[in-house]
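Enquirer: Letter by letter, the sequence shown follows residues 0 to 559 of numbering that gives the first Met the number 0.
Ideal Cβ placement from N, Cα and C applies to all residues, glycine included.
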Amino acid sequence: MPLDDVLTSMRFDTSLLDDSIGRWLPQSTLGPCYNANGLYNPLSFTVRLSPQVHRLLDQLPLGTTVAANEYDWEVIQANSTYIHETIHWWQHIGSTVGLLLSLGFPAQEHINIERLKRLVHSIGPIKSIRKFDLLNSTSKHIDRAVRQDVNVVLNNWHDIEFAKLLMISPRHAERFVADPYFECVGHAYHIAWSSVIGLLAGSEDPTFDFLPDFRQWGREFERLKMQQEEGFYFGSPIRIAEIGLREIFEGQARFCQLQYLYAVSGGRFDLNVSRAAGMFGRVYVDAFQAFLSALGEPWPVSPYDPLVNLFLLVCDLAMNPGDGFPFDIGHFESFILSVDPGLRFTTLCWTIRDKHPELRSAVVSCSREEYEMASELLSRAIASPTPMEITSRVTQWSNEHTSCQALLREARELKFARHNVPVRLFFSEFLRFQQSKSLRPEYFCWPGYWSASVKGDADMESARQLFSAHEALFLDTVDGEVQPRVHHDKPGENVQGMFDEFFSWNAAYLLSRQWMVEEGPFDLDFDWLTTKWSRDDMEQWCSQIFKGSFGVKPGEFEVL
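(1) Exposed or buried, what is R411 when buried is set at 16 or more other beta-carbons lying within 10 Å of its beta-carbon?
(2) Quick one: residues in its chain with C-beta nearer than 7 Å to the C-beta of Q434, no 5 flanking neighbours on either side, listed in chain order?
(3) Which whole runs of the alpha helix (DSSP H) in the segment 492-558 are 4 residues long or more, in chain order?
(4) Under the rule that 16 or more other beta-carbon atoms within 10 Å means buried, what is D212, buried or exposed?
(5) Kindly confirm or deny that the segment 345-362 and the segment 283-298 touch, where touching means at least three C-beta pairs closer than 8 Å.
(6) In chain order, what are the residue ranges of uninterrupted alpha helix (DSSP H) at least 4 long that sit wholly in the segment 56-127?
(7) With DSSP collapsed to three states, give me the class of F473.
(8) What are the start and end residues of the beta strand (DSSP E) that includes Q482?
(9) Between V362 and L309, which are expected to be in contact by the criterion C-beta below 8 Å, what is the C-beta distance as a whole number of angstroms?
(10) Could you spell out the range, first to last residue, of the alpha helix (DSSP H) harbouring R218?
(11) Tell me which same chain residues have a C-beta within less than 8 Å of the C-beta of R281, skipping the five on either side of it?
(12) Please report the straight-line C-alpha distance between N154 and E182, rounded to a whole angstrom.
(13) Mind listing, in chain order, the continuous alpha helix (DSSP H) runs of no fewer than 4 residues lying wholly within the segment 325-402?
(14) To which residues does DSSP link R267 through a beta bridge?
(15) Can we count G234 as close to the ligand HEM, meaning its CB is less than 7 Å from some heavy atom?
(16) Determine whether the beta carbon atoms of L223 and E369 lie at a separation below 8 Å.
(17) Counting Cβ pairs, one atom from each stretch, are 3 or more of them under 8 Å apart for the segment 43-52 and the segment 70-89?
(18) Mind checking Q258: buried by the 16 CB within 10 Å criterion, or exposed?
(19) Using the three-state DSSP reduction, which class does N319 fall into: helix, strand or coil?
(20) Counting C-beta neighbours from all protein chains within 10 Å, is the total for V422 16 or more, i.e. buried, or is it exposed?
(21) Can you find the residues in the same chain that come closer than 6 Å, C-beta to C-beta, to Q543, ignoring five residues on each side of it along the sequence?
(22) Could you name the residues of the same chain whose beta carbon sits closer than 8 Å to that of P299, not counting the 5 residues immediately before and after it, in chain order?
(23) Give me whichever residues DSSP pairs with L38 in a beta bridge.
(24) Just to confirm, is the Cβ distance from S402 to P386 under 8 Å?
(25) Is it buried or exposed, V149, if we count other Cβ atoms within 10 angstroms and call 16 or more buried?
(26) Going by C-alpha distance, which of V151, M318, I122, K126 is nearest D142?
(27) On the CB-based measure, 16 or more other CB atoms within 10 Å of its CB, does D613 come out buried or exposed?
(28) State whether the segment 494-510 contacts the segment 527-546, with contact taken as three or more CB pairs (one from each stretch) at a distance under 8 Å.
(29) Should K139 be labelled buried (16 or more other beta-carbon atoms within 10 Å of its own) or exposed?
(30) For F415, which three-state DSSP category applies?
(31) Is F207 helix, strand or coil when you go by DSSP?
(32) Taking the alpha-carbon positions, what's the D208 to F326 distance?
(33) For F254 versus L312, is the C-beta spacing smaller than 8 Å?
(34) Are the beta-carbon atoms of E500 and R417 separated by less than 8 Å?
(35) How is the alpha helix (DSSP H) around G447 delimited, first residue to last?
(36) Terminal residues of the continuous alpha helix (DSSP H) containing D285?
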């Protein structure tokens with residue numbers, strides 16, 4: 000149906016506009032996208048689309064950010080969902096906090112690997128290690144070295160997990176602060192940042208030529224603990240934000256999607272129409288509502304309103320702290336406030352209200368100049384590195400350090416050395432993203448604004464190139480099977496080889512996670528990955544992967 004006809008009658012297929020939310024942790028949610036139109040899962044690192052959206056997108060090549068009047072309105076709606084989910088990929092591989100979340104998952108195995116191998120022999124193949132520890136917490140019959148291995152494995156795993164949960168959903172902090180493995184927010188963030196940097200250093204910078212040397216942080220965090228600095232000792236009061244990464248990520252993706260739909264509709268798909276179309280579920284608007292409330296502003300009507308533009312810039316700043324990574328920690332006492340995305344978001348809103356009210360109407364054309372001006376004012380006000388300083392530092396790594404240059408050469412061919420493939424893959428994606436952001440920061444802050452223009456427009460073609468260069472690496476098919484994205488400029492065997500290596504590592508991470516902390520038998524259901532193999536074949540595949548790491552198969556474990 001032609002775009003103008005649909006808009007005249009204002010009939011919208013809301014089933015093409017919504018996406019799935021909140022699928023952060025359970026393995027049971029890794030499968031096909033049948034109950035929503037799109038989702039990004041941060042454990043499988045895959046963008047999934049509903050069969051209906053897939054069929055509509057078959058009418059255009061992925062990587063096409065549709066210009067007005069090029070395609071039917073149904074295709075445009077479906078494409079807006081794909082843009083939404085691609086933004087989630089960018090959030091997880093392109094922002095500093097997102098990279099920490101993505102690498103936190105493999106870090107939970109890598110930093111524990113030697114102790115896990117020892118535990119297979121010292122306590123035997125027992126699942127889960129957490130259950131073993133809780134059942135034997137007062138036992139005097141556990142060897143000291145064994146207990147130390149158990150404690151280090153579980154404390155490392157939980158500290159990283161608590162850090163992720165605190166950032167993602169601080170509202171639910173009460174659910175885990177009473178957990179016996181929780182110490183304090185500062186400790187969780189210290190271990191999470193240190194573990195991820197250690198993972199990167201082991202792969203790319205063992206002498207810490209460019210990465211922050213986290214080995215120097217321990218004495219400072221110990222000092223804060225001894226001084227009972229808030230947030231840095233056991234039993235400390237916990238300062239949490241009402242808004243977390245879940246709301247920030249979903250708010251950014253939704254309002255970028257709305258800016259795109261507003262543009263391609265000729266200004267008729269405004270926020271009132273968006274609300275009527277059912278696009279304002281709580282998680283999508285909670286961050287924007289908090290932003291407006293802090294500023295005392297009413298809801299605007301246009302997605303192009305300067306307030307919406309400023310909100311998207313605040314989201315970008317909130318998810319891109321620079322302290323701890325890529326820069327060293329400048330002030331340890333304020334580390335939590337400096338890196339926690341929800342606290343950053345709240346502080347930025349208050350800063351606009353109290354110190355820079357002129358910014359409410361300052362971002363009109365979504366230009367690079369506006370981005371640099373507003374982001375520098377706000378970053379300086381909260382004593383944070385600016386986004387351009389962050390991109391400059393990371394781009395310097397790419398330009399000056401041979402390990403980063405070699406990694407980017409591997410990324411250009413998608414042919415990675417076989418050690419630590421997920422780590423190398425994600426870090427290369429981060430380096431590439433930051434390079435592009437240094438050139439076009441305004442595009443990555445307001446992609447919906449820049450992705451809809453007149454066909455043939457220079458800005459439109461630039462947007463298409465940027466979008467195509469940073470699409471998700473892993474997508475599902477119409478029948479739910481995960482496949483690598485097609486790369487016409489890379490050898491097919493390299494693409495498939497990268498995919499196979501990545502998901503072999505990913506299976507090992509998922510199974511070691513189950514071993515460490517999940518009760519019950521191992522879940523060997525990897526049907527979410529492929530429909531081509533039988534259940535028995537998939538179980539044999541993942542069992543062999545696990546045995547290759549730890550010398551024992553999941554089926555040989557005693558379940559406590």
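Expert: Put simply:
(1) Along the sequence shown, one-based indexing puts residue 411 at 412. Exposed.
(2) As a working note, residue 434 is residue 435 in the sequence shown. Closer than 7 Å at the Cβ level, and outside the excluded window around Q434, lie T394, S397.
(3) The qualifying runs are 534-549.
(4) The residue given as residue 212 occupies position 213 in the sequence shown. With fewer than 16 other CB atoms across the displayed protein chains lying within 10 angstroms of its CB, D212 is exposed.
(5) Segments in contact, yes.
(6) Complete alpha helix (DSSP H) runs here, min 4: 72-93, 95-109, 112-121.
(7) What you label residue 473 is simply residue 474 of the sequence shown in a count that begins at 1. DSSP, reduced to helix, strand and coil, places F473 within a strand of the structure shown.
(8) Counting from one through the sequence shown, the residue named residue 482 turns up at place 483. Q482 -> beta strand (DSSP E) spans 481-483.
(9) As a first step, residue 362 must be located in the sequence shown, where it is residue number 363. As a first step, residue 309 must be located in the sequence shown, where it is residue number 310. Rounded to whole angstroms, the Cβ separation of V362 and L309 is 5 Å, and the two are in contact under 8 Å.
(10) Locating residue 218 in the sequence shown gives position 219, where the first residue counts as 1. From DSSP, the alpha helix (DSSP H) with R218 extends over 217-225.
(11) The residue given as residue 281 occupies position 282 in the sequence shown. Nothing listed; no residue qualifies.
(12) By one-based count along the sequence shown, residue 154 stands at place 155. By one-based count along the sequence shown, residue 182 stands at place 183. So the two alpha carbons sit approximately 9 Å from each other.
(13) Look at the segment 325-402 and you find these whole runs of alpha helix (DSSP H), each 4 residues long or longer: 334-338, 340-353, 367-380, 386-399.
(14) Position 268 of the sequence shown, counting from 1, holds the residue named residue 267. Looking at the DSSP assignment, R267 forms no beta bridge with any residue, so it has no partner.
(15) The ligand HEM is not part of this structure, which contains no ligands at all.
(16) Looking up residue 223 in the sequence shown gives position 224. Looking up residue 369 in the sequence shown gives position 370. For the 8 Å CB-CB criterion, L223 and E369 do not form a contact.
(17) Touching, yes.
(18) Sequence index remark: in the sequence shown, residue 258 carries index 259 (1-based). Its Cβ being crowded by 16 or more others within 10 Å, Q258 is buried.
(19) Here residue 319 is taken as the residue at index 320 of the sequence shown, counted from 1. Assigned with DSSP and collapsed to three states, N319 falls in coil, not helix or strand.
(20) For the purposes of this step, residue 422 is taken as the residue at position 423 of the sequence shown. So V422 ends up on the buried side.
(21) Here residue 543 refers to the residue found at position 544 when the sequence shown is read from its first residue. Hits under 6 Å: none found.
(22) Position 300 of the sequence shown, counting from 1, holds the residue named residue 299. Excluding five sequence positions before and after P299, the CB atoms of its chain that fall closer than 8 Å to its own CB belong to L270, L306, V307, given in chain order.
(23) To locate residue 38, count along the sequence shown from 1; it is residue 39. Under DSSP, the beta-bridge partners assigned to L38 are R47.
(24) Start at 1 with the first residue of the sequence shown, and residue 402 comes out as number 403. Start at 1 with the first residue of the sequence shown, and residue 386 comes out as number 387. The criterion of a C-beta distance shorter than 8 Å is not satisfied by S402 and P386.
(25) Here residue 149 refers to the residue found at position 150 of the sequence shown. Buried is the call here.
(26) As a first step, residue 142 is located in the sequence shown; it is residue number 143 there, counting from the start. Ranking V151, M318, I122, K126 by Cα distance to D142 puts I122 first.
(27) Examination of residue 613 is not possible in this model, given that the chain is present from 0 through 559 alone.
(28) Pairwise C-beta distances place the segment 494-510 in contact with the segment 527-546, as three or more of them are shorter than 8 Å.
(29) Along the sequence shown, one-based indexing puts residue 139 at 140. Counting Cβ neighbours within 10 Å, K139 comes out exposed, since fewer than 16 surround it.
(30) Reading the sequence shown from its first residue, position 416 is the one you call residue 415. Here F415 carries a coil assignment [DSSP, helix/strand/coil].
(31) Residue mapping note: residue 207 aligns to position 208 of the sequence shown, counting from 1. The three-state secondary structure of F207, taken from DSSP, is coil.
(32) Stepping through the sequence shown from its first residue, residue 208 is reached at position 209. Stepping through the sequence shown from its first residue, residue 326 is reached at position 327. Taking the straight line from one Cα to the other gives about 12 Å.
(33) The residue labelled residue 254 in the question sits at position 255 within the sequence shown. The residue labelled residue 312 in the question sits at position 313 within the sequence shown. No; because the gap between Cβ atoms is not below 8 Å, this pair is not in contact.
(34) As a working note, residue 500 is residue 501 in the sequence shown. As a working note, residue 417 is residue 418 in the sequence shown. With contacts defined as CB atoms closer than 8 Å, E500 and R417 qualify as a contacting pair.
(35) Working through the sequence shown from its first residue, we reach residue 447 at position 448. First-last of the alpha helix (DSSP H) with G447: 446-449.
(36) Within the sequence shown, residue 285 is the residue found at index 286, counting from 1. In the DSSP assignment, D285 falls within the alpha helix (DSSP H) that extends over 281-294.
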